[in-house]
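Numbering (this note's numbering), first residue to last: 250 to 462.
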């Protein structure tokens, strides 16, 4: 995918919060697919729910997510000293060519994996994109439990609209973030679609606020 070179103007349909019917449809479909769903009104409520779901002392990986940053969840996990936070350990050795294996192992199979998604469909699917793919193995199988925190503006009708949202909205904004943070462009290199799971492993927290991309 080509780099974004001009100022990005978001399409209003990609940033509008979903109405209550769409939220209810998505929640019902996801729960039918084995994914636990909580709907909250604010970032503060989302943070409280995440911390309620994770016992103190647990091993936790906070994957790169603007939503986790904006809600204060990433800081609560990584800076409080209450958890076995893997992200600080990973960042301490990140880029060291002699510790690549250790980096992979740290990111591979946490007890709790936190992140967000690019889109949630009303018929019960999740779309997640990544350049490195480091979080995707966690989500599909390796993490003991996965918790995603997602603004309701990410709810779309179906997978076709989810893919459109990813390419037209999420990627340009993530590309800008990557350029500012790392000095190089992002890319959609790996895309994961989740249609369901055996109950008890995956949790989605929907927030009635515009948070994240």
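Just so it is clear, CB atoms sit at the ideal spot from N, CA and C, and this is done for glycine as well.
For residue j and residue i, the rounded distance between their alpha carbons
i, j, result
"residue 432", "residue 278", "40 angstroms"
"residue 284", "residue 345", "37 angstroms"
"residue 282", "residue 276", "10 angstroms"
"residue 393", "residue 367", "22 angstroms"
"residue 376", "residue 341", "30 angstroms"
"residue 396", "residue 390", "13 angstroms"
"residue 371", "residue 406", "5 angstroms"
"residue 311", "residue 457", "22 angstroms"
"residue 296", "residue 434", "30 angstroms"
"residue 450", "residue 360", "11 angstroms"
"residue 318", "residue 280", "26 angstroms"
"residue 410", "residue 369", "10 angstroms"
"residue 382", "residue 441", "9 angstroms"
"residue 421", "residue 399", "18 angstroms"
"residue 289", "residue 436", "31 angstroms"
"residue 358", "residue 328", "21 angstroms"
"residue 429", "residue 314", "15 angstroms"
"residue 274", "residue 384", "27 angstroms"
"residue 316", "residue 446", "23 angstroms"
"residue 412", "residue 427", "20 angstroms"
"residue 266", "residue 347", "45 angstroms"
"residue 262", "residue 459", "12 angstroms"
"residue 294", "residue 380", "30 angstroms"
Proximity below 8 angstroms, CB of residue i to CB of residue j
i, j, result
"residue 343", "residue 306", "no"
"residue 257", "residue 425", "yes"
"residue 401", "residue 302", "no"
"residue 338", "residue 363", "no"
"residue 408", "residue 272", "no"
"residue 388", "residue 443", "yes"
Classification of residue i by the beta-carbon crowding that lies within 10 angstroms, buried from 16 upward
i, result
"residue 461", "buried"
"residue 270", "exposed"
"residue 438", "exposed"
"residue 251", "At residue 251 the pLDDT is 41, less than 50, meaning the model places this residue with poor confidence; the figure from the coordinates comes in the next sentence. Exposed, by the Cβ-count rule."
"residue 351", "exposed"
"residue 353", "exposed"
"residue 264", "exposed"
"residue 378", "buried"
"residue 330", "exposed"
"residue 320", "buried"
"residue 414", "buried"
"residue 374", "buried"
"residue 291", "exposed"
"residue 324", "exposed"
"residue 455", "buried"
Inter-residue CB distance, residue i and residue j (contact presumed, cutoff 8 angstroms)
i, j, result
"residue 335", "residue 299", "That pair is no contact at about 16 angstroms."
"residue 417", "residue 268", "Not quite, the Cβ-Cβ distance comes to about 21 angstroms (not below 8 angstroms), so this is no contact."
Q: Only counting runs of 4 or more residues, tell me where the alpha helix (DSSP H) segments fall wholly within the segment 325-363, in order along the chain.
A: 335-342 and 349-357
**Q.** 3-residue-minimum beta strand (DSSP E) runs that sit fully inside the segment 263-330, ordered along the chain
**A.** 285-289 and 308-311
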